[in-house]
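In this note's numbering, the protein residues as written are 38 to 317.
Glycine included, every Cβ here is placed at the ideal spot set by N, Cα and C.
Since the structure is predicted, the reported quantities are computational estimates derived from the model, not experimental observations.
Everything on this sheet refers to the single structure shown next.
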Amino acid sequence: MLDTIKFSIRRLQANKIMMLLVLAFLLISCGFYFTYAWFADDDKVTNHFEGNRLDVELAEVFDSPMNWQPGTTTVKEIRAVNTGIMPALVRISLYESLLMFKVDVTDQSGNGNLMISQQANDPVVKLDDVKTWEAAAKQGGTYYLNNHYYLAKEAKIGNQATGKNQYMLEDKNRESSEFNYFEIMFNRLINQSSESFTKDYWRYEKGYFYYSEVLMPGEQSEPIVSQVLLSAQAPNRLKGSLYQLTPHLEGHDVTPSIFAEWQLESNSEMQALYQTYMKE
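The structure is reproduced here in structure tokens:
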């Protein structure tokens, strides 16, 4: 009887060890996947409503590239979803962040490899936290990838609270910056120079992308973004860079207070469209 109990205990211990090994493998696998991510997402949602009846969320399909190359596209679909119990109007703003690394210019023409540190330097870069990008760039921190420590050089961080590096259509400042090498490919978007749609479209006005339809509970919008392209003309200073596109979603119930809270001008296209929903 005693031998049977000892055997059972040994068997339970063996099973426990096997479960821990499997869990460790899964954690390592997940870490390996995110290490190679070119983009990261930090989605934020702001709801404007009374009570707990309105809730909107971001839904994304993101095909993270394992080996990002200039001239290639990456799937990144961004949608709004009404997960609440009442109709909602939504708008999205986009913010870009970029971290560049030091390049060893051995031939004086900008064609060198990334500089490598022999050890980790604080503050270290965390892929999913752009605040660490900025700190590392200012203080010579490092980013660990494939058994190497790369030296952060310069960070450009998007900030929803201040509007810094907010994506604007036909923005001259963006066109003269490194962000211009990243082409955001929009879906069903109307601006002053684009084609027209009659339903299920996004319209750009002063930094925001407004959805044309009222989202009923359980409904989702058409994607606002479908892909992101890194230009084939991307300069060598962008080698190994980290880029993040962060959408910020706002939802509002279908009431006239939306015009003041979202500062929609009386002569704007979206004010006119949303006004028709107030009469229904």
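- The beta carbons of Arg128 and Phe234 sit about 17 Å from each other, so the pair does not count as a contact at 8 Å.
- Annotated three-state conformation of Asn273 is helix, per DSSP.
- According to DSSP, Gln203 shares a beta bridge with Tyr132.
- Between Ile115 and Ile227, the beta carbon gap of about 17 Å keeps them out of contact (Cβ cut-off 8 Å).
- Ala198 is not a Cβ neighbour of Trp170, given a cutoff of 9 Å.
- Beta-bridge partners assigned by DSSP to Val112: Gln264.
- For Ala173, the enclosing alpha helix (DSSP H) has its first and last residue at Val167 to Gln176.
- The beta carbons of Val140 and Val118 sit no closer together than 9 Å.
- The beta carbon of Met307 sits closer than 7 Å to those of Arg240, Glu242, Tyr247 and Leu301, all from its chain and outside the five residues before and after it, given in chain order.
- A check of alpha carbon separations from Ala271 across Met137, Asp165, Pro284 and Ala96 identifies Met137 as the nearest.
- Using a Cβ distance threshold of 9 Å, Gly108 and Leu266 count as a contacting pair.
- With 16 or more other CB atoms across the displayed protein chains lying within 10 angstroms of its CB, Glu133 is buried.
- Thr235 carries a coil assignment under DSSP once its states are collapsed to helix, strand and coil.
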